[in-house]
Structure formats: structure tokens, C-alpha cells
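For the sequence shown, position 177 matches number 191 in my numbering, and the numbering has no gaps at all. Contents: one structure, followed by commentary.
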Amino acid sequence: MNNFKIGIMGGTFNPVHFGHLILAENAYEKFDLDTVIFIPNGQPPHKSDEKILSKSDRLKMVNMAIDDNKHFNVSTIEVDKKSYSYSYETLEALKKENPNTEYYFIIGADSLYNIHKWKNPEKLLSLCQLIVASRGEIDRHSIENHKPNIESFYKTKIHILDMPIIEISSSDIRNRVKEGKTIKYFVPKDVEHYIYMNNLYK
């Protein structure tokens, strides 16, 4: 019997957007995952200088964004913490609850290159494999060049996920709202409505 395979989408989701959702859906399909869990950060230590929306607002928007997708779920494991959220601690807790589950941490190429700067990367990568999004040939070649050394050093496995180039970022969405520009087709309709109704990012 095969182990349960779960993809992990961690992030600030400030706000969640179609780029996140397309990445998660592609990872789910290509790597035959059973589910993808979105884990919004509580207090991300690497973004202490960035003005971040409240945990509850970000969590609500993620729930809205994935509501109609039966193989997407949300975990509040980091949002519920009072202190900083570290990925290795999250994976430790998940693995303790489900020791026979295979976890796949879904990240972008930039995160892969900076994995050594993460808190306790050795522990994190002993608990999961990585799915790394490649956006175009240059990205793929770069990931392939880094892949052997990182796999060897951290004793982990890296899977490359070819993705279309989608120019959407949370910071761009925040700026567009601030400038009075539309965010239609950047975020799901319910998320767009929530942002405007609650006067967020103004």
C-alpha cells in the first residue's frame, strides 16, 4: 500500500492569488498527490519589515480561494502559534501526527537557492522532499545545476515542476489596490470582494 502523499504550500498569502493556486494544482496533478495543504504563516521571521495583514484576514482569504477545490485544505498550525513560525517545526508536528505520510514542500527556485538561510534546513529536509517550481528554461537549467549538491548535502530529493510564467505577486496586488487599479483575474472573485469590502491594502 502506498503512503499518503501531501503537498505543503506555506506562505504569508498576503494576499493569496492565482499564482499560488495554479502552482498547487499543477503539483497535485504532476506528482499524484492526495491533497495539498495551504499553511498561512503566523509571524514569519523573514518578513519582519513588511506590513502584513492580520492572521485572520489572510486565513479567511485562503479559505475562500480554495473553497471549491476538494483536494485543497488549510491548516492553522502556524496561524495558531503565538511565536515565530518555522517550517521545520511545522513539518515536525505534521510528521509526528502522521508518521507514514510523505510530505512534499512546494517552493520557488529562489527559495531553493536560499534554503541554507532557513531555520534548521537539515531537519526540515529530513522530513520532506521538495517540489521546486521552474518558470522557463533558464530557471530549469539553474535548478538542475543546484539540484545534485543540495540533494547530496541535505540527503533529500528535489522534484522539478515546470510552470508557465505567470506575472502575479502579492506585492503587486497590494500596490494595485493602493493605486486604485483592478485586481480582477489576479485573485479569485471572493478574495477580490473581501479585499474591497474590508478596505484592505489601502
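Glycine residues also receive a C-beta, built at the ideal position from the N, C-alpha and C atoms.
Burial state of T196 (16 or more Cβ within 10 Å): Numbered from 1 along the sequence shown, position 182 holds the residue referred to as residue 196. The residue is exposed, with fewer than 16 neighbouring Cβ atoms inside 10 Å.
Beta carbon of L175 nearer than 9 Å to that of A41: Taking the first residue of the sequence shown as position 1, residue 175 is located at position 161. Taking the first residue of the sequence shown as position 1, residue 41 is located at position 27. Yes, these two residues count as a Cβ contact at 9 Å.
Three-state class that DSSP yields for V146 in the structure shown: If you number the sequence shown from 1, residue 146 lands on position 132. Residue state, collapsed to three classes: strand.
Whole-angstrom C-beta distance between N128 and E92, which should lie under 8 Å: The count along the sequence shown starts at 1 and reaches residue 92 at position 78. The count along the sequence shown starts at 1 and reaches residue 128 at position 114. Actually they are not in contact, since the Cβ atoms of E92 and N128 sit about 19 Å apart, beyond 8 Å.
Spatial neighbours of L126 in its chain, beta-carbon cut-off 6 Å, leaving aside the 5 residues before and after: Counting from 1 along the sequence shown, the entry for residue 126 is found at position 112. Excluding positions up to five away in sequence, the list reads V146.
Cβ-Cβ distance between I20 and Y118 below 9 Å: Along the sequence shown, read from residue 1 onward, the residue named residue 20 stands at position 6. Along the sequence shown, read from residue 1 onward, the residue named residue 118 stands at position 104. Going by C-beta atoms, I20 is nearer than 9 Å to Y118.
Contact check, G139 vs K109, beta carbons under 9 Å: For the purposes of this step, residue 139 is taken as residue 125 along the sequence shown, with counting starting at 1. For the purposes of this step, residue 109 is taken as residue 95 along the sequence shown, with counting starting at 1. It should be pointed out that residue 139 corresponds to Leu in this sequence rather than to Gly. No.
Any 3 or more C-beta pairs closer than 8 Å across the segment 187-206 and the segment 160-175: no
In DSSP terms, what F14 is bridged to: No answer is possible for residue 14: it lies beyond the span of the chain, which begins at 15 and ends at 216.
Terminal residues of the alpha helix (DSSP H) in which K69 lies: Against the sequence shown, residue 69 aligns to sequence position 55. Here the alpha helix (DSSP H) through K69 covers K69 to I80.
Neighbour-count burial assignment, G70, 16 or more Cβ in a 10 Å radius: Here residue 70 corresponds to residue number 56 of the sequence shown, with the count starting at 1. Note that residue 70 corresponds to Ser in the displayed sequence, not to Gly. S70 comes out exposed.
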